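Participant: Position one of the sequence shown corresponds to residue 726 (our numbering), numbered consecutively onward.
Positions of the beta carbon are idealized from the N, C-alpha and C atoms, including for glycine.
Computed from a predicted model, the values in this text were never measured in an experiment.
Quick one: the structure is below, questions incoming.
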Amino acid sequence: MLKKELKSQLSQLLKLMEGDVVLTASYDDSEKSKELKDLLDEIADMSSHITVKEDTLERTPSFSVDRPDERTGVVFAGVPLGHEFNSLVLALLQVSGRPPKEEQSVIDQIKALDQPLHFETFISLSCHKCPDVVQALNLMSVLNPNISHTMIDGAVFKEESEDIMAVPAVFLNGEEFGNGRMSISDILNMLGSKADPAEYDNKEPYDVLVIGGGPASGTAAIYTARKGLRTGIVADRIGGQVNETAGIENFITVKETTGPEFSSALEAHINEYDIDVMEGIRASHIEKTEDGIVVTLDNDAKLKSKTVIISTGARFRNLNIPGEDELRNKGVAYCPHCDGPLFEGKNVAVVGGGNSGAEAAIDLAGIVKHVTLVEYKDFLRADEILQKRLRELPNVEILKNAQSSEILGKDHVTGLKYTDNKTGETNQIDVEGVFVQIGLLPNTEWLEGAIDTNDHGEIMVDRKQETSMPGVFAAGDVTDDRFKQIIIAMGSGADAALNAFDYIIRN
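Next up, the structure:
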């Protein structure tokens, strides 16, 4: 089943296994079971550490990844190809005894969870966000016998997943737990587990503390580290919002890449330098004191630094209209790449006429029956090349001067109501999905007024990328820079780093 190149890569990875693994599989006469059996047999033939045996599991086709004398609770229901193949490989390595790359403090948090936790994650194989969640919960299962996790391919188990309109959808002990990309730290926070403040309180003061993990942050940290400055990064996850991007085609010198690939390369570059990376934690407060700048983390630990660069980025903006919250994950979606396949053959709307909206409409047009692009202005803001593609698609309709006013439906989306800005008339389109693509909201709530922001919540910076608080700089999508682009964020990160270095020299 595996292509020659992938099989060669897998063969090298399986050499890293440190112990034996048993794949316990449940098959029936279906085509998917045959697919799964072929895949598992092929993998087992590649390593003497892997054996396959048959048994009856809760779902068929499925298999568990166990040690010879111990169940780990890691189960794959379906055939983990596509984006989930990496999740399978990681599970094999971790169950075999290969140490995870997580910080010891995170591992200690996982092992300290003492209540029974059974997670189920519904995924689609085309979802690029799903593996993060699957891999996080698999690792938690491997490390803690109180935890178990089943990945469920919604396309295989359609009856179970028919009401799920956004992936990844995570359930804990049978109750809805969360949706969308989640890191291990996100999951631990949702479970009420916090990192030990003592891990951070005793750190020496930094020359530069970078807050955020996106392109601006990574660039800033690398630049200051290269200047010989003691540099730290506080980040929820490296890559930030870029992780949500499926395709990147305008990063000059790189013809085409994906968000996860870009983030992985960024993390590898950061790790080439002596940078103290504190991942999986967020800043909650900042203040200027006589001893320098003090940043409080969300576990109440405090870090000190001579300068700070804030690059906490932005997140998807909500419509804030009736029906959006009530029907979230029931037809209201924000990621066309992940959730698009769930709307195959249906009519959907995309709200937003910028690049994100146009790209979403183009992607969805190849999956769904019909796409209506809804833009409240009398023109589209998307690049002309994207508009040209839109106009060439026979199943895409563009509505301009259309102000979305309500998402309709009870248990799932049935329509979108909008107001015609020219006539004032209220109209309705019948759709089963609404994809919201209306731009970004800066992550600045945690500043609590300590630093000046504009009416949009963006941090205001001067030509030196300096904020209203001396010694504190900002870069990337969190600032009032007009254009939100990866390459611009990286440039402003470099600018902020060089000006932070200059500030230290002069002060």
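Considering only C-alpha positions, which residue in the set E1084, S751 and A1026 is nearest to P922?
Facilitator: As a working mapping, residue 922 is identified with position 197 in the sequence shown. Selected option, being the one with the closest Cα: A1026.
Participant: Can you find at least 3 beta carbon pairs, one from the segment 765 to 780 and one from the segment 733 to 747, that sit closer than 8 Å?
Facilitator: Yes, they touch.
Participant: Use the C-beta contact count for N1310: other C-beta atoms within 10 angstroms, 16 or more gives buried, fewer gives exposed.
Facilitator: The first residue shown for the chain is 726 and the last is 1232, placing residue 1310 beyond what the model contains.
Participant: Can V804 and E760 be called in contact, C-beta distance under 8 Å?
Facilitator: Stepping through the sequence shown from its first residue, residue 804 is reached at position 79. Stepping through the sequence shown from its first residue, residue 760 is reached at position 35. In this structure, E760 lies closer than 8 Å to V804 by Cβ.
Participant: Scan the segment 833 to 882 and note each continuous alpha helix (DSSP H) run of 4 residues or more that stays entirely inside, going in chain order.
Facilitator: 855 to 868, all fully within the segment 833 to 882.
Participant: In the structure shown, what three-state DSSP assignment does N904 receive?
Facilitator: Mapped onto the sequence shown, residue 904 falls at position 179. Strand at N904.
Participant: Nearest CA to the CA of K826: which residue from M1194, L868 and A802?
Facilitator: Taking the sequence shown and counting its residues from 1, the one referred to as residue 826 is at position 101. Closest by alpha carbon: L868.
Participant: Using the C-alpha atoms, what's the distance from E809 back to D888?
Facilitator: Taking the sequence shown and counting its residues from 1, the one referred to as residue 888 is at position 163. Taking the sequence shown and counting its residues from 1, the one referred to as residue 809 is at position 84. Between D888 and E809, the C-alpha separation is close to 22 Å.
Participant: Can you determine whether any heavy atom of the ligand GTP sits closer than 7 Å to the C-beta of M742, and answer yes or no?
Facilitator: As far as ligands go, the structure on display features none, and thus does not contain the ligand GTP.
Participant: Return the CA-CA distance between N1232 and I1176, expressed in angstroms with no decimal places.
Facilitator: For the purposes of this step, residue 1232 is taken as the residue at position 507 of the sequence shown. For the purposes of this step, residue 1176 is taken as the residue at position 451 of the sequence shown. Approximately 20 Å, taken between the alpha carbons.
Participant: May I ask you to report which of helix, strand or coil DSSP gives D791?
Facilitator: Position 66 of the sequence shown, counted from the first residue, corresponds to residue 791. D791: strand per DSSP, three-state reduction.
Participant: For my contact list, L738 and V814 are in at a C-beta cut-off of 8 Å; report their separation, rounded to the angstrom.
Facilitator: Residue numbering aside, residue 738 sits at position 13 when the sequence shown is read from its first letter. Residue numbering aside, residue 814 sits at position 89 when the sequence shown is read from its first letter. 6 Å between Cβ atoms; contact.
Participant: Let me know if F844 comes out buried or exposed under the rule of 16 or more other beta-carbons within 10 Å of its beta-carbon.
Facilitator: Locating residue 844 in the sequence shown gives position 119, where the first residue counts as 1. By the neighbour-count rule (16 or more Cβ atoms within 10 Å), F844 is buried.
Participant: Would F1198 and I1034 qualify as a contact pair, given that the criterion is a beta-carbon distance under 8 Å?
Facilitator: Mapped onto the sequence shown, residue 1198 falls at position 473. Mapped onto the sequence shown, residue 1034 falls at position 309. In contact: F1198 and I1034 (Cβ atoms closer than 8 Å).
Participant: Which complete alpha helix (DSSP H) runs does the segment 885 to 939 hold, if anything under 4 residues is left out?
Facilitator: Complete alpha helix (DSSP H) runs here, min 4: 909 to 915 and 923 to 926.
Participant: For S736, count neighbouring C-beta atoms within 10 Å of its own C-beta (all shown protein chains included) and say buried if the count is 16 or more, exposed if not.
Facilitator: Here the question's residue 736 lines up with position 11 in the sequence shown. Exposed, because fewer than 16 other Cβ atoms sit within 10 Å of the Cβ of S736.
Participant: Considering only the alpha carbon of each residue, which of M1215, R784 and N1152 lies closest to K1237?
Facilitator: Outside the modelled stretch of the chain, which goes from 726 to 1232, sits residue 1237, for which no answer is possible.
Participant: Per DSSP, T1193 forms a beta bridge with which residues?
Facilitator: On the sequence shown, position 468 is the one that residue 1193 refers to. First, the amino acid is wrong: residue 1193 is Ser here, not Thr. According to DSSP, which records beta bridges pairwise, S1193 is partnered with nothing at all.
Participant: Which residue wins for smallest C-alpha separation from V1159, given the options V858, G822, Q1210 and L1052?
Facilitator: Your numbering for residue 1159 matches position 434 in the sequence shown. Of the listed residues, the one whose Cα sits closest to V1159 is L1052.
Participant: Using alpha carbons as the reference points, say which of A1086, K1029 and Y1101 lies closest to G1149.
Facilitator: Translated into positions along the sequence shown, residue 1149 becomes position 424. The option with the nearest alpha carbon to G1149 is Y1101.
Participant: Considering Cα atoms alone, identify which of T956, T978 and S988 is closest to Q966.
Facilitator: Residue numbering aside, residue 966 sits at position 241 when the sequence shown is read from its first letter. The shortest C-alpha separation from Q966 is found at S988.
Participant: With 16 other CB atoms within 10 Å as the buried threshold, where does P1061 fall?
Facilitator: In the sequence shown, residue 1061 corresponds to position 336, counting from 1. With 16 or more other Cβ atoms within 10 Å, it is buried.
Participant: Determine the closest residue to G943 out of T970, I995 and F896, with distance taken between C-alpha atoms.
Facilitator: Numbered from its first residue, the sequence shown carries residue 943 at position 218. The shortest Cα separation from G943 among T970, I995 and F896 belongs to I995.
Participant: Starting from the C-beta of T949, find all residues in its chain whose C-beta is less than 6 Å away, skip the five residues before and the five after it, and write them out in chain order.
Facilitator: One-based indexing of the sequence shown puts residue 949 at position 224. If we look at T949 and ignore the five residues flanking it on each side, its Cβ neighbours are V933, T956 and A1222.
Participant: Applying the criterion that 16 or more other CB atoms from any shown protein chain within 10 Å of the CB defines a buried residue, is V979 buried or exposed?
Facilitator: Against the sequence shown, residue 979 aligns to sequence position 254. Label assigned to V979: exposed.
Participant: Per DSSP, what kind of secondary structure is M1215 in: helix, strand or coil?
Facilitator: Residue 1215 sits at position 490 when you count from the first residue of the sequence shown. Of the three classes helix, strand and coil, the one that applies to M1215 here is helix, per DSSP.
Participant: Per DSSP, which residues does Y1143 bridge with? Please list them.
Facilitator: Locating residue 1143 in the sequence shown gives position 418, where the first residue counts as 1. For Y1143, which the question treats as bridged, DSSP gives the partners S1129 and N1152.
Participant: With a Cβ-Cβ cutoff of 8 Å, do A1090 and L1067 count as a contact?
Facilitator: Taking the sequence shown and counting its residues from 1, one reaches residue 1090 at position 365. Taking the sequence shown and counting its residues from 1, one reaches residue 1067 at position 342. It is not a contact, given that the beta carbons lie outside the stated cut-off.
Participant: Reducing DSSP to helix, strand and coil, say where A1058 ends up.
Facilitator: Counting from one through the sequence shown, the residue named residue 1058 turns up at place 333. In this structure, A1058 counts as strand in the three-state DSSP scheme.
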